[in-house]
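Visitor: Next up is a structure, given as structure tokens.
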Amino acid sequence: MACNHCVVRELNFQIKAHGELNLRVLPEVIHHLSRSYTIHKVEGNVITIKEAGVRDFLDFCNDHMESEQVEFRIDDQTWRPLSELPTVLDMEWIDEVITKGLVICYFQPIVNVREEIFAYELLSRFKKEDGSLIYPNEIFAAARNRGRLYALDRLCRMTAVKYAAPLNKKTFINFIPTSIYAPEFCLRSTVELANQLGVDPSLFVFEVVETEKVDDLAHLKAILTYYKDRGFEYALDDVGEGFSTIEMLLELKPHYMKLDMKYVQGVSSDPNKQKIAKQFLEKALEIQSVPLAEGVEFREDFEWLKQSGYQLFQGYLFGKPDPIPKQ
1 MACNHCVVRE
11 LNFQIKAHGE
21 LNLRVLPEVI
31 HHLSRSYTIH
41 KVEGNVITIK
51 EAGVRDFLDF
61 CNDHMESEQV
71 EFRIDDQTWR
81 PLSELPTVLD
91 MEWIDEVITK
101 GLVICYFQPI
111 VNVREEIFAY
121 ELLSRFKKED
131 GSLIYPNEIF
141 AAARNRGRLY
151 ALDRLCRMTA
161 VKYAAPLNKK
171 TFINFIPTSI
181 YAPEFCLRST
191 VELANQLGVD
201 PSLFVFEVVE
211 TEKVDDLAHL
221 KAILTYYKDR
231 GFEYALDDVG
241 EGFSTIEMLL
251 ELKPHYMKLD
261 MKYVQGVSSD
271 PNKQKIAKQF
281 LEKALEIQSV
291 PLAEGVEFRE
301 DFEWLKQSGY
311 QLFQGYLFGK
321 PDPIPKQ
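Here it is as structure tokens:
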């Protein structure tokens, strides 16, 4: 069963009015919207409107109010200028993607030093009803704008678990820590599904992505502890980039450390990249984290990383993401 944050329900928009003219007109707005039953709540200069009435409000605002002195937000998001609201409304298509489960998974192999497949990373791909694909960055931008990130991340995790079940191999599954507000609620359905499918939890590696948006390390640790206590493993992605620093690595002690591709590509001939790659390798081994190099495209880089002590590798040299797992 999904938590409330992960269910796609009709959005409520909070509208905040400023300025003498807007405050004078506000009672008229409230009266008009009340007749169509789209007002949810009124608190001073803040009104909460159901999505069904938001376009009506926008029309009224453009005709009778100073729209530059009006803000909106969804749930507990930050306040935004009203000029951004039409974009949010136009992204309503993301709701259909989630409710209809229009997501599939592509498989990218992760290999060992002998170039044998050790695991697959499952990468979400999204499709329209006509079958055409939607780019992930477009999907996640829409989900953030409409407050659907919780629901989208859950859909991706659940879909990946289903795709992983028949493989009987380790599978790396991405998750966005900021989309999980309470692991005991948000992750319960993911764990239950894995158990229902009879998959050994140690075959799942949940991969922390977008660490640059994590401002609560204790919360992230709670999520990882929840996974670990139930037999799952976890990885830290893009190590060396942004907030995925040596300090973060030592703090989280992941089962797998994924060196960011900017230190992988060209490492065989770049002394600076070699120095950084070795630093992260040493720290990973120090905390018994398996070092994995991602974004490997050239054999000379693979050979250098292998000789240096990296144990796992991922990149186009070994296989691109594909709807059918490479054998």
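The sequence shown lines up with residues 1 to 327 when you count with the UniProt record's numbering. Using N, Cα and C, we set each Cβ at its ideal position, and we do this for glycine too.
Tell me the DSSP secondary structure of M1 in three-state form.
Guide: Note on M1: pLDDT 49, under 50, position unreliable in the model; the coordinate value appears next. Secondary structure of M1 (DSSP, three-state): coil.
Visitor: According to the neighbour-count rule (16 or more other Cβ atoms, all chains shown, within 10 Å of its Cβ), is M1 buried or exposed?
Guide: Annotation note: pLDDT 49 at M1 (below 50); position unreliable, coordinate value reported separately. M1 is exposed by the Cβ-count criterion.
Visitor: Against chain D, with Cβ distances strictly below 7 Å, would Y234 count as a contact?
Guide: The structure shown contains no chain D; it is built from a single protein chain.
Visitor: With distances taken Cα to Cα, identify the nearest neighbour of P325 among I117, I139 and M248.
Guide: Residue I117 is the option with its Cα nearest to P325.
Visitor: According to DSSP, is Q69 helix, strand or coil?
Guide: helix
Visitor: From H219 to F60, what does the alpha carbon distance come to, in whole angstroms?
Guide: 42 Å
Visitor: Go through its chain and collect everything with a Cβ distance to E207's Cβ below 6 Å, but skip five positions before and after it.
Guide: Within the same chain, E207 has close Cβ partners F172, N174, A235 and D237.
Visitor: Quickly, what does DSSP pair Q314 with across the bridge? List them, please.
Guide: I110 and E294
Visitor: If you run the structure through DSSP and keep just helix, strand and coil, what is H40?
Guide: Reduced to three states, the DSSP call for H40 is strand.
Visitor: Closest by CA to R125, which one among L102, A119, R144 and N145?
Guide: L102
Visitor: Relative to the alpha-carbon of D76, which residue among T38, R146, E20 and S308 has its alpha-carbon at the smallest distance?
Guide: R146
Visitor: For a minimum of 3 consecutive residues, which ranges assigned as the beta strand (DSSP E) are wholly contained in the stretch 77 to 121?
Guide: 103 to 111
Visitor: Is the stretch 103 to 117 touching the stretch 310 to 318 in the sense that three or more CB pairs, one from each, lie closer than 8 Å?
Guide: yes
Visitor: Looking only at its chain, what residues have a beta carbon closer than 6 Å to the beta carbon of S179, apart from the 5 residues adjacent to it on each side?
Guide: Closer than 6 Å at the Cβ level, and outside the excluded window around S179, lie L149, Y150 and D153.
Visitor: When you compare only the Cα positions, how much space is there between K253 and A119?
Guide: 20 Å
Visitor: Mapping DSSP to helix, strand and coil, what is K320?
Guide: coil
Visitor: In this structure, does DSSP put F140 in helix, strand or coil?
Guide: helix
Visitor: So, using beta-carbon positions, are A277 and M257 closer together than 7 Å?
Guide: In this structure, M257 does not lie closer than 7 Å to A277 by Cβ.
Visitor: By DSSP's criteria, Y263 is part of a beta bridge. Which residues make up the other side?
Guide: The partner list for Y263 (beta bridge, DSSP) is empty, contrary to what the question assumes.
Visitor: Can you tell which of N22, A52 and M158 has the C-alpha that lies nearest to the C-alpha of S34?
Guide: Looking only at N22, A52 and M158, the smallest Cα-Cα distance to S34 is reached by A52.
Visitor: Among T48, L26, D215 and L292, which residue has its Cα nearest to the Cα of E121?
Guide: Ranked by how close their Cα comes to the Cα of E121, the residues T48, L26, D215 and L292 have L292 in first place.
Visitor: Could you say which of I223, D215, A165 and P323 lies nearest to N195 if we only look at CA atoms?
Guide: Nearest of I223, D215, A165 and P323 to N195, Cα basis: A165.
Visitor: Output needed for L155: all residues of its chain with C-beta closer than 7 Å, excluding positions within five of it in sequence on either side, in chain order.
Guide: So the qualifying residues of the chain are I98, G101 and V103.
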